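What follows is one structure encoded as structure tokens, with my remarks underneath.
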Amino acid sequence: MSLDDPVVLERELRYFHKCLFQREPPPSLIKLYHDVHHDRADLFEASGNEAADVLKIVTKELDAVGIEPWLRFQTQRHLLSRKILLVMYLAETGGRHQMNFMFEERPSLIRTWWHIAKNSLSGVFHLVKGFIQARIYGFS
Amino acid sequence: MVFLDYAIIGAGPAGMAAALTMRKRGIGVFDIGHRPSTEFDFESLEDALRAGNSRSLLGGAWQMLDNLWEPLSKHPKLKAEGMRHVADGERFDVLSGDIRISGRTSYAEGGLANAWGAQLLRYTQDDLDACGDWPIKESDLESYYNLLEDHIGISGCHDDLDRFLGTDSAVQSPIPLVDAAEYLLGQYKIKWELCNSRGLYLGHPRLAVLTQRWRDRSAHDFGEKEFFTADLPGIYSPRWTLRELKLAGDIDYFDGRKLIDYEESDDFVMFTTEDAQGIRQQFKTRHLLLACGTLNTASLLLRKFGEGGARLPFIDHPPTLLPVFLPRFFGARMGRRSYPIQTLGFFDVNGEIDMISLYQTGGMLKADLLMDMPLPLNSSLALLGLLTPGMLVAQIWRPARACRNNWVGIDANGRLVINYPERPHNPHLKDIARALRPLGAYAVPGFASEAPAGWGFHYAGTLPMRHTPMAFETFSDGRLWNSRRVRVVDGSILPSLPAKNLSLTIMANSARIATGVLKCGY
Numbered sequence: 072m073s074l075d076d077p078v079v080l081e082r083e084l085r086y087f088h089k090c091l092f093q094r095e096p097p098p099s100l101i102k103l104y105h106d107v108h109h110d111r112a113d114l115f116e117a118s119g120n121e122a123a124d125v126l127k128i129v130t131k132e133l134d135a136v137g138i139e140p141w142l143r144f145q146t147q148r149h150l151l152s153r154k155i156l157l158v159m160y161l162a163e164t165g166g167r168h169q170m171n172f173m174f175e176e177r178p179s180l181i182r183t184w185w186h187i188a189k190n191s192l193s194g195v196f197h198l199v200k201g202f203i204q205a206r207i208y209g210f211s
Numbered sequence: 011m012v013f014l015d016y017a018i019i020g021a022g023p024a025g026m027a028a029a030l031t032m033r034k035r036g037i038g039v040f041d042i043g044h045r046p047s048t049e050f051d052f053e054s055l056e057d058a059l060r061a062g063n064s065r066s067l068l069g070g071a072w073q074m075l076d077n078l079w080e081p082l083s084k085h086p087k088l089k090a091e092g093m094r095h096v097a098d099g100e101r102f103d104v105l106s107g108d109i110r111i112s113g114r115t116s117y118a119e120g121g122l123a124n125a126w127g128a129q130l131l132r133y134t135q136d137d138l139d140a141c142g143d144w145p146i147k148e149s150d151l152e153s154y155y156n157l158l159e160d161h162i163g164i165s166g167c168h169d170d171l172d173r174f175l176g177t178d179s180a181v182q183s184p185i186p187l188v189d190a191a192e193y194l195l196g197q198y199k200i201k202w203e204l205c206n207s208r209g210l211y212l213g214h215p216r217l218a219v220l221t222q223r224w225r226d227r228s229a230h231d232f233g234e235k236e237f238f239t240a241d242l243p244g245i246y247s248p249r250w251t252l253r254e255l256k257l258a259g260d261i262d263y264f265d266g267r268k269l270i271d272y273e274e275s276d277d278f279v280m281f282t283t284e285d286a287q288g289i290r291q292q293f294k295t296r297h298l299l300l301a302c303g304t305l306n307t308a309s310l311l312l313r314k315f316g317e318g319g320a321r322l323p324f325i326d327h328p329p330t331l332l333p334v335f336l337p338r339f340f341g342a343r344m345g346r347r348s349y350p351i352q353t354l355g356f357f358d359v360n361g362e363i364d365m366i367s368l369y370q371t372g373g374m375l376k377a378d379l380l381m382d383m384p385l386p387l388n389s390s391l392a393l394l395g396l397l398t399p400g401m402l403v404a405q406i407w408r409p410a411r412a413c414r415n416n417w418v419g420i421d422a423n424g425r426l427v428i429n430y431p432e433r434p435h436n437p438h439l440k441d442i443a444r445a446l447r448p449l450g451a452y453a454v455p456g457f458a459s460e461a462p463a464g465w466g467f468h469y470a471g472t473l474p475m476r477h478t479p480m481a482f483e484t485f486s487d488g489r490l491w492n493s494r495r496v497r498v499v500d501g502s503i504l505p506s507l508p509a510k511n512l513s514l515t516i517m518a519n520s521a522r523i524a525t526g527v528l529k530c531g532y
């Protein structure tokens, strides 16, 4: 199957969405994901092993959000970074993820710092896990 | 052949300041005049996000996603479909060490000002003395500052920044601030002596953003749409002046025309324009004013007079970006809608002055900010929601002067190239952070980043004014070194830049030169 096959794209979107938001994407987002890949194929050209990396991450259900930062720091972004960031753009503008993007006030300073600590630690955990997986599977 | 007493090339800030000065005197304004291809149909960014139509925000051809692959391919303010026309002119490359960034000049009606931050700040005599090389004085510009501020409408306040901005400006009430910025200024009003002793002065910015109706323009609606459309009547654009002059019949307007070449004789200047279909037309004028914008004017003159790889000095203000945190606002609601620029500051160290503009991040898509945080994107998003109510971003500018290694030229392929390797790092970040601390604002100098070369958009200095100009320099009355009837009025001729936005001074200087043309007697 080619990487712009609708089945392949849907599968990777469902996986990335689950990594990011811990739930299934709405059908509208699936369609938008296809549309962008169709309309702007230029944004998803893959060099070297990038496409294989993405396929491996999705099929083996590796920690996509943890691996992505390790591939990010380049002048041109890795295919994984581009696809996950695309999901973020589509989620923010699609009107169905307001709870994630339009932030509600926290009831107290203590709860605020608790959430800051929790999210920071979670981020570090995923980074460490992502680093290990990137090393094991040889992503670059 | 059409004969005009005066011809102005360009309808950006410089062109419109000149046209305003010379109105009704037989002037023609020539402009390529690109306009937006789409409209932004929502009252606010929040409404657009709630509507959930991704294409309306990301573009019909997903233009906002251009940076997915190359983060530096497009400045965040120029990505949206409704802003593309602002920078779709001549291509140029900026070389900064190993990095090559591409950009485009502006052929837009209103110029790059369509995407500006709208800070309009006067230069003082201290500014000109400190950065040096200016053959004119602040007093030469003063009356034009007054005239333009009255025309444009400025919001702001007379506060501690008067010593840096002057006391003459008549201002409307300042823009509404987000809670963190309001708190910061409130704390400064209590602890100003301590801050001043550490070199920091804070106050309200002076903006071409209306908080009350002014002339025929309504007050700004603060819908946080500035990254998506330039069609905001409450924010001044030279397009509004162009519209006024056209409606009044005070100018002849020739749109869709690009200046190709000119020839000067004793009695007139003959110039050739070309339209989008490639049809050329010749005009004659007594005086030609080049207001095409620094890079467009440089390109024109390099191609006309440059031989053997001529290089012109190039000045810009790429800012240092420093996040500033006010932890008492973490987890709070973002509060009222506002404008990107919140407060203005100056950091005065032994007479060397840096300018600090503090921005809030409302008005941008969150997805645009996520890659700047070195964490997984889901963690970054959650943290962004908690931190941004208590976060401002300081853009810090230093004075800019010409230096040998920063130049603009035409390469062997005929492309405009800017070489910009010299970017001295700001040595004051630790002191700025220290000065902010008593106000409950915390900055870590290690988190600072430098805007990419070419992203200051304060281009200047390519044809500097001098008392006695050499080749590719100008007289203080704007005349080219080799000319009697051709003048430059845009940012090209500013010889150095204080740490302040240059827009109002470009306009005032253009108006000064235009007045000189009217009085020159030939």
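Residue numbers (the numbering used here), protein chains in the order written: chain H, 72 to 211; chain B, 11 to 532. All C-beta atoms in this analysis are idealised placements derived from N, C-alpha and C, irrespective of residue type, glycine included. From a predicted model like this one, the values you see are computed outputs, not experimental measurements.
Taking 9 Å as the threshold, the shortest C-beta distance from residue 63 of chain B to chain H falls below it. Shown here, residue 417 of chain B sits in a strand according to DSSP, grouped into three states. If one requires a minimum length of 4 residues, the alpha helix (DSSP H) runs lying completely within the stretch 429 to 477 of chain B are 439 to 446, in chain order. Linking residue 299 of chain B to residue 457 of chain B through their CA atoms gives a straight-line distance of about 44 Å. Contact annotation: in the stretch 110 to 144 of chain H, residues whose CB is within less than 7 Å of a CB in chain B are 110, 111, 114, 136, 137, 139, 140, 143.
Taking residue 200 of chain H as reference, the option from H:132, H:76, H:179, H:114 with the minimal CA-CA separation is H:132. Scanning its chain for C-beta atoms nearer than 7 Å, with the 5 sequence neighbours on each side dropped, one finds around residue 232 of chain B the residues 186, 347, 348, 349, in chain order.
With at least 16 other beta carbons inside 10 angstroms of its own, residue 297 of chain B counts as buried. Comparing C-alpha distances from residue 103 of chain B to each of B:111, B:97, B:393 shows the shortest one belongs to B:111. Restricting attention to B:212, B:201, B:378, the CA atom closest to the CA of residue 159 of chain H is found in B:378. In this structure, residue 308 of chain B lies near residue 502 of chain B, with their beta-carbon atoms less than 9 Å apart. Residue 176 of chain B is a Cβ neighbour of residue 132 of chain B, given a cutoff of 9 Å.
For residue 204 of chain H, the nearest beta carbon of chain B is not closer than 9 Å to its own beta carbon.
If you look at residue 354 of chain B, you'll find it in the beta strand (DSSP E) that goes 351 to 359. Annotated as distal: residue 236 of chain B and residue 400 of chain B, with beta-carbon spacing of 9 Å or more. Here residue 528 of chain B is exposed. Its C-beta has fewer than 16 other C-beta atoms within 10 Å. Between residue 305 of chain B and residue 428 of chain B, the gap from beta carbon to beta carbon is short of 9 Å.
Contact between residue 28 of chain B and residue 499 of chain B holds: CB atoms are separated by about 5 Å, below the 8 Å threshold. DSSP, read as helix, strand or coil, puts residue 506 of chain B in strand.
Under the DSSP assignment, residue 404 of chain B falls in the beta strand (DSSP E) whose first and last residues are 401 to 407. Nearest neighbour of residue 169 of chain H by Cα position, chosen from B:141, B:391, B:321, B:443, turns out to be B:391.
Per DSSP, residue 272 of chain B lies in no alpha helix (DSSP H); the unbroken beta strand (DSSP E) holding it starts and ends at 268 to 274. Taking a C-beta distance under 9 Å as the contact criterion, residue 165 of chain B and residue 115 of chain B do not qualify as a contact pair.
If you check the CB distance, residue 140 of chain B and residue 118 of chain B do not come in under 9 Å.
For residue 79 of chain H, no chain B residue has a C-beta closer than 7 Å to its own C-beta; the minimum C-beta separation is roughly 19 Å.
Residues 393 of the same chain have their beta carbon placed closer than 8 Å to that of residue 385 of chain B, with the five preceding and five following residues left out of the count.
No residue range can be given for residue 114 of chain H, since it is assigned to no beta strand (DSSP E) and is classified by DSSP as neither H nor E. Taking 9 Å as the cut-off, the beta carbon of residue 468 of chain B is found no closer than this to the beta carbon of residue 514 of chain B. Per DSSP, the unbroken alpha helix (DSSP H) holding residue 314 of chain B starts and ends at 304 to 315. Under the DSSP assignment, residue 16 of chain B falls in the beta strand (DSSP E) whose first and last residues are 12 to 19. Boundaries of the beta strand (DSSP E) harbouring residue 498 of chain B: 496 to 498, taken from the DSSP string. Counting C-beta pairs closer than 8 Å gives fewer than three between the stretch 190 to 205 of chain H and the stretch 277 to 287 of chain B, which falls short of the contact rule. Sequence-distant Cβ neighbours of residue 74 of chain B in its own chain, meaning closer than 8 Å and more than five residues away, are 67, 68, 89, 90, 91, 375. At a cut-off of 9 Å between beta carbons, residue 274 of chain B makes no contact with chain H. Residue ranges of uninterrupted alpha helix (DSSP H) with 4 or more members, entirely inside the stretch 41 to 113 of chain B and ordered along the chain, are 55 to 61, 64 to 68. Taking 9 Å as the cut-off, the Cβ atoms of residue 206 of chain B and residue 172 of chain B do not count as close.
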